[in-house]
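In our numbering, the protein residues as written are 1 to 373.
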């Protein structure tokens, strides 16, 4: 029975066991299904977002790799360039070192040559001084026996004096002196005549001094000789100095001229005779001591150059005696400001090589068109 029962067991379903689905059960299933759909959609969206983010990251990594590669290439280029520049710098430094060594050796050689040249120069200078000393002694001995040799050193002296008389004295010192008298003297003619007369008086005073010394020397040699008449010395149409010197023996005359050329003699003449030039023109009493002191450089220059003129062989000659109204010779005179045919007054004298000789410097005159004498 038992087995039978086992074999013929049937499932008996009772009515109560079969339950019909209710609305609540459908609603529950529906809610479960609805809740699962958003979760699935959200997962899909997350998966898509993750894919895009990964792609962006991959792209960023690729760009970074490319940038890194580019930077590495640039770095390598810089390193190569730096290595090249360092190599060039090393080459330049090596060349510079070589040049310094070479130039240092050359500089040492140049210094050595310069030292040798200086030594040779000193030796030549000593030899030259010795030869000049010997030559001077020989010439001095020869000049004692033959005074004409003195002329060798003074062949060009008159022309040098002429250039100084026109270029230095007239063009410079005369212009400075004219500025001085232009302040204290109103008339232009008076200004020009003052400067002209200062030059003339300097020439005459130097002539007086040399004639006096020559006369004293002549009288010492010959006490019976008659002294010259000094009243004729103011007339510059003659040259009394030349006539007095010509009366001396040639050796004595040359010795007299040589001694008079010494600077100490000229300094003494300047100290003693400047005041005589002032007194001749009466500048102090007429215009005061101020203008005289300012004219002293001009007067000193006049005396110095006139002294040199008179010590030439034969003496040089200044001609101030172109009288008013005389006809102008264009070969002898230049015009000052006004041009014309006759002389109004002399501004600057004519310089002759000697009395009656050739013209070295033309004179300067203020001209007039008609004869007003």
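Note that beta-carbon positions come from the ideal geometry of N, C-alpha and C, so glycine has one too. These figures come from a predicted structure and were not determined experimentally.
Item	Value
Chain B within 9 Å of residue 308, Cβ atoms only	The structure shown contains no chain B, having only a single protein chain.
Residue 320 - DSSP class collapsed to helix/strand/coil	coil
DSSP three-state assignment for residue 201, whether helix, strand or coil	helix
Residues bridged to residue 333 (per DSSP)	363
Burial state of residue 310, where buried means 16 or more other Cβ atoms lie within 10 Å	buried
Residue 201 versus 121, 299 and 95, residue with shortest Cα-Cα distance	299
Host alpha helix (DSSP H) of residue 292 (start-end)	289–310
Backbone CA spacing between residue 55 and residue 94 [nearest angstrom]	57 Å
Whole-angstrom C-beta distance between residue 343 and residue 322, which should lie under 8 Å	5 Å
Own chain, CB closer than 6 Å to residue 26, minus 5 neighbours either side, in chain order	Residue placement at residue 26 is poorly supported in this model, since its pLDDT is 48, which falls under 50; the coordinates are not used for a value here.
Identity of the residue in 97, 325, 294 and 334 nearest residue 351 by Cα	334
Counterpart residues of residue 348 in DSSP-defined beta bridges	364
At least three beta-carbon pairs within less than 8 Å, the region 359–371 to the region 324–331	yes
Pair within 9 Å by beta-carbon distance, residue 291 and residue 205	no
Heavy atom of the ligand MN within 8 Å of residue 63 beta-carbon	Summarising the ligand content, the structure contains no ligands, and the ligand MN is consequently not present.
Same chain, Cβ closer than 7 Å to residue 133, five either side skipped, listed in chain order	none
Expected contact under 8 Å - CB spacing of residue 320 and residue 354 to nearest Å	Their Cβ separation, rounded to whole angstroms, is 16 Å, which puts residue 320 and residue 354 out of contact at 8 Å.
Pick from 170, 244, 243 and 336 that is closest to residue 302, judged by C-alpha positions	170
Residue 256 versus residue 307: straight-line alpha-carbon distance, rounded	14 Å
C-beta contact flag for residue 245 and residue 214 at 9 Å	yes
Distance between residue 209 and residue 289 (C-alpha atoms, nearest Å)	25 Å
Whole-angstrom distance between residue 181 and residue 188, CA atom to CA atom	9 Å
Reduced DSSP category for residue 185 - H, G, I as helix; E, B as strand; rest coil	coil
C-alpha distance - residue 157 paired with residue 305, whole-angstrom precision	12 Å
Cβ neighbour criterion (16 or more within 10 Å) applied to residue 117	exposed
Residue 327 in three-state terms, based on DSSP	strand
Within 9 Å, strictly: CB atoms of residue 178 and residue 191	yes
Proximal residues to residue 243 (C-beta, below 7 Å), its chain only, five neighbours per side dropped	none
Neighbourhood of residue 77 by C-beta distance below 8 Å, restricted to the same chain and skipping five residues each side	none
Inter-residue spacing [alpha-carbon to alpha-carbon] between residue 62 and residue 80	27 Å
Opposing strand residues paired with residue 343 [DSSP bridges]	367
Cβ-based neighbour list, residue 247, same chain, cut-off 7 Å, excluding 5 preceding and 5 following	218
Short Cβ contact (9 Å threshold) for residue 287 with residue 185	yes
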